[in-house]
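Each residue of the sequence shown is one higher than the one before, counting from 1 in the working numbering. Glycine is no exception: its CB is placed at the ideal position from the N, C-alpha and C atoms. Everything numeric in this text was worked out from a predicted model, so none of it was measured. Data first, discussion second: the structure below is written as structure tokens.
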Amino acid sequence: MEASDQKVHLTCAEISNLWDTYINDSVVICILTHFLHSVEDPEVKPLLEFTIEVAESHLKDISTIYEQEGIAKPEGFPVEKHVNLSAPRLFSDIFYMEYMQHMSKFGLTSHSSAIATSSRDDIRALFEKFHSQATEINREITTLMKKKGVYIRPPYMNYPKKVDFVDQQYFLTGWFGKKRPLLGNEVNHLYLTSLHNELGKSTLLGFAQVAQDPDLKTYFYSGVQLCGKILRESHHVLMESNVPNSMTWDSTVSDSNDPPYSDRLMLFVVGILSQLGIAAYGFALSLSMRRDVGALYSGFILRALTYSEDGAQMIIERGWLEQPPMFVDRERLIKGEE
1 MEASDQKVHL TCAEISNLWD TYINDSVVIC ILTHFLHSVE DPEVKPLLEF
51 TIEVAESHLK DISTIYEQEG IAKPEGFPVE KHVNLSAPRL FSDIFYMEYM
101 QHMSKFGLTS HSSAIATSSR DDIRALFEKF HSQATEINRE ITTLMKKKGV
151 YIRPPYMNYP KKVDFVDQQY FLTGWFGKKR PLLGNEVNHL YLTSLHNELG
201 KSTLLGFAQV AQDPDLKTYF YSGVQLCGKI LRESHHVLME SNVPNSMTWD
251 STVSDSNDPP YSDRLMLFVV GILSQLGIAA YGFALSLSMR RDVGALYSGF
301 ILRALTYSED GAQMIIERGW LEQPPMFVDR ERLIKGEE
């Protein structure tokens, strides 16, 4: 550790990672607070309580750093402004578990990235703690889902019996002629794509039912249709290789039209899910060696980017987008416009 490490200014990576974590954890607290208020399963409730407690501790830890560094604390999403506890439940306890598992995976990924890009020892230690907590949440929720028989495993495959090398060009083909069977990695990411879009489809369907803004209703429902298209195309590729599809979560959405969350919060959550999808498709694309599968993910990325941009424009038009940390606009400063 450098002698003056604690006095070194935070880097752009550290500032951005702290800001993103603060905003995202404030969203998690809002979503899970209504889950906790309406949960029925006594085994799910303690996990919701623990996850909220962890997210709240993150806000306190980051607020302390902001105070020490003289950085303005973001507003985020206060529960009292964005959660309606009098609204009936919109999703089932199974959905609550699936949502927590999905968000814990996001936490593992984002905190790992923050560790890798942090320079100061205290910031690295903070994100190492956050990563450890996300690991615990993921482990506990996965164990509970297995116990209840609702955990969906990736497809099984035969064990490799010998070392082999590719000696035919058809290994890379996929549009015309003979197609080779899918690789384990390719199946895994198609499976993950299906799970992500099943969760997204259920979330968007619920939000479309309860959104107060007619434009948001239309936007959310168009997302339901987009997820459906991606699911059908992913399942088609799996079926060609005789690989079973993952189950759907449509049945976990209630018939309520009373909003448990603000329109702003729901639109932001959909934005997060879109960003996660884009990142997942990009990673899957980099590992897909069959050309048709790679092209499939390229199409998914383009559609998700378009959908995400439409949502971002709606957030900005309504004055709902809190500006992330940004470098000073020197040109405007020189002109005296700042």
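query	result
Inter-residue spacing [alpha-carbon to alpha-carbon] between Phe77 and Glu56	12 Å
Beta bridge counterpart(s) of Phe91 as assigned by DSSP	Val253
Cross-strand partners of Tyr261 (DSSP beta bridge)	Val83
Which of helix, strand or coil DSSP assigns to Lys162	coil
Exposed unless 16 or more other CB atoms sit within 10 angstroms - verdict on Val163	exposed
Nearest-angstrom Cα separation, counted from Ala208 out to Phe220	5 Å
Beta-carbon proximity check, Leu90 vs Val253, cutoff 8 Å	yes
DSSP-derived helix/strand/coil call for Trp19	helix
Neighbourhood of Asp263 by C-beta, 6 Å cutoff - its chain only, sequence neighbours within 5 removed	Ala211, Gln212, Asp213 and Leu216
Rounded straight-line distance, which links the Cα of Ala116 to that of Ala13	10 Å
Ser132 - DSSP class collapsed to helix/strand/coil	helix
Three-state secondary structure (DSSP) of Glu317	helix
Integer-rounded CB distance, given that Ser194 should sit under 8 Å from His236	That belief does not hold up - the Cβ atoms of His236 and Ser194 are roughly 11 Å apart, past 8 Å.
Boundaries of the alpha helix (DSSP H) in which Pro74 is found, first to last residue	Careful: Pro74 lies outside any alpha helix (DSSP H) and carries neither H nor E.
Arg330 burial status per 10 Å Cβ neighbour count (16 or more: buried)	exposed
Test: Gln323 CB closer than 8 Å to a CB of chain B	Among the chains of the structure shown, chain B does not appear; only one protein chain is present.
Given Tyr281 as reference, the closest of His196, Ser86 and Glu98 once Cα atoms are compared	His196
Cβ distance (whole Å) where Gly299 is taken to contact Ser274 below 8 Å	Not confirmed; about 15 Å, so no contact.
Helix, strand or coil at Asn188 according to DSSP, with G and I counted as helix	helix
N- and C-terminal bounds of the alpha helix (DSSP H) containing Val224	Pro214 to Glu240
Length of the line joining the Cα atoms of Tyr396 and Gly223	Only positions 1 to 338 of the chain appear in the structure, and residue 396 is not among them; the question remains open.
Range of the contiguous alpha helix (DSSP H) that encloses Ile152	Per DSSP, Ile152 belongs to no alpha helix (DSSP H) and is neither H nor E.
Nearest to Asp390 (by Cα), restricted to the options Gly206, Ser288, Glu240 and Cys227	This structure cannot speak to residue 390, because the chain is shown only from 1 to 338.
Thr218 burial status per 10 Å Cβ neighbour count (16 or more: buried)	exposed
For Lys178, three-class secondary structure by DSSP	coil
Test item: CB-CB of Glu49 and Leu36 under 8 Å	yes
Backbone secondary structure at Gly349 - three-state DSSP	The displayed coordinates of the chain run from 1 to 338. Any statement about residue 349 would go beyond what the structure contains.
Alpha-carbon to alpha-carbon, Lys146 and Phe171	36 Å
Continuous alpha helix (DSSP H) stretch holding Lys60: start and end	Lys45 to Glu69
Simplified DSSP state of Asn138, which is helix, strand or coil	helix
Rounded separation between Val54 and Gly70 - CA only	24 Å
For Ser202 and Gly340, the rounded distance between their alpha carbons	The structure shown does not extend to residue 340, since the chain is modelled only from 1 through 338, so no value can be given for it.
Assigned secondary structure, Thr173 (DSSP; H/G/I helix, E/B strand, else coil)	coil
Classification of Gly107 by the beta-carbon crowding that lies within 10 angstroms, buried from 16 upward	buried
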